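Novice: Structure below; questions to follow.
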Amino acid sequence: LRRIVVAIDGPSGSGKSSAARGVARRLGLRYLDTGAMYRAVTWWALHAGVAVDDADTLAARCGEPVIEVDTDPTAPRVTVDGIDVSRPIRSREVTNAVSLVSAVPAVRQRLIARQRELIGDGGIVVEGRDIGTVVAPQAHVKVFLTADEDVRARRRAAEGLAGMRVEVDLTRREMARRDRLDSKQMMKASDAVVLDTTDLDLDQVIDEICALANERV
Ligand code: C5P
9 LRRIVVAIDG PSGSGKSSAA RGVARRLGLR YLDTGAMYRA VTWWALHAGV
59 AVDDADTLAA RCGEPVIEVD TDPTAPRVTV DGIDVSRPIR SREVTNAVSL
109 VSAVPAVRQR LIARQRELIG DGGIVVEGRD IGTVVAPQAH VKVFLTADED
159 VRARRRAAEG LAGMRVEVDL TRREMARRDR LDSKQMMKAS DAVVLDTTDL
209 DLDQVIDEIC ALANERV
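Counting from 9, one number per residue, gives the positions in the sequence shown under the UniProt record's numbering.
Right, dumping it as structure tokens:
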């Protein structure tokens, strides 16, 4: 397992983050949340006064922020120019803007290169939208998590973006919009195992993925 790469892709609310962290902790692996990196660039743009719908400026300036991520699954931390943004990147403002930023090819190129560096020799669980297809097509284990839209919206609302409980209906609408904008990025690898988490609790999802990891190595 020392060099294993576990790729976990899927839409928001599918349980990716909790599952990926749980698997990493249980197997003693590192953890990389690629969504947090897109969120960090978005947070930076909002603060640097770069309009998130201005693709040209984003492309020209996306190299400016220094983004560091901690791959420790017990305390995944993200900093932008030395500022800890782990919490603010979960705000509704960032969540609703991130799909515009992640659609800019230059932003993707930069972050994907950085993600590959962080994956390095492996020993890591990586979560995102395009991990099994683009970032790490060589991954030993590829899982694509899904869940009913209803359940996903309820999970997201319960998480309470940045600590605030948000209405389920509003969350559902915002989630559907983000899924639509993200659909170009989100791809299921042909060799990914699809895991529907609608009726599974977190431990069951972690069990399934750990079993796959143990099978593949
Ligand atoms: O996973 P999370 O919801 O935190 O991801 C935030 C956003 O980052 C997604 O809505 C998507 O726009 C973008 N993303 C991406 N590719 C990834 C991970 C996230 O485009 N591998």
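C-beta: ideal position from N, C-alpha, C; glycine also.
Being a predicted model, the structure only gives us computed values, none of them experimental.
1. Please list the terminal residues of the continuous alpha helix (DSSP H) segment that includes T154.
2. Assuming G140 and T42 are in contact, meaning their beta carbons sit under 8 angstroms apart, how far apart are those beta carbons, in whole angstroms?
3. Less than 8 angstroms between the CB atoms is what I'm expecting for L220 and A27, so what's the real figure, rounded?
4. Grab the span of the beta strand (DSSP E) containing A200 for me, first residue to last.
5. Going by CA-CA distance only, name the one from V133, Y46, A184 and D89 that's closest to K24.
6. Assess contact between the segment 143-151 and the segment 44-62, defined as three or more Cβ pairs (one per stretch) separated by less than 8 angstroms. Is contact present?
7. Take A184 and list the residues in its own chain whose beta-carbon comes closer than 8 angstroms to its own, dropping the five residues that flank it on each side.
8. Would you mind reading off the limits of the alpha helix (DSSP H) that contains A68?
9. Per DSSP, what kind of secondary structure is G30 in: helix, strand or coil?
10. State the start and end residues of the unbroken alpha helix (DSSP H) segment that holds R186.
11. In this structure, does DSSP put G136 in helix, strand or coil?
12. Please determine whether the Cβ atom of S107 lies at a distance below 7 angstroms from any heavy atom of the ligand C5P.
13. Say yes only if the C-beta of T42 is nearer than 7 angstroms to one or more non-hydrogen atoms of the ligand C5P, and no if none qualify.
14. Name the two residues that bound the continuous alpha helix (DSSP H) containing A59.
15. Can you check which of these residues, R85, R47, R69 and A63, is closest to R29 by C-alpha distance?
16. For R38, which beta-bridge partners are listed by DSSP?
17. How do the segment 159-169 and the segment 31-50 stand: do at least 3 beta-carbon pairs fall below 8 angstroms, yes or no?
Specialist: With the structure as the only source:
1. Taken as a continuous stretch (DSSP letters only), T154 belongs to no alpha helix (DSSP H), being part of the beta strand (DSSP E) at V149 to T154.
2. With 8 angstroms as the limit, G140 and T42 do not qualify as a contact, their Cβ atoms being about 12 angstroms apart.
3. Not really, about 12 angstroms apart at Cβ, beyond 8 angstroms.
4. Segment: none, A200 is in no beta strand (DSSP E) and carries neither H nor E.
5. V133
6. Contact between the segment 143-151 and the segment 44-62 is absent, because fewer than three Cβ pairs lie under 8 angstroms.
7. E157
8. A63 to R69
9. helix
10. V176 to D190
11. G136: strand per DSSP, three-state reduction.
12. yes
13. yes
14. Taken as a continuous stretch (DSSP letters only), A59 belongs to no alpha helix (DSSP H), as it is neither H nor E.
15. R85
16. In the DSSP secondary-structure assignment, R38 is bridged to I132.
17. no
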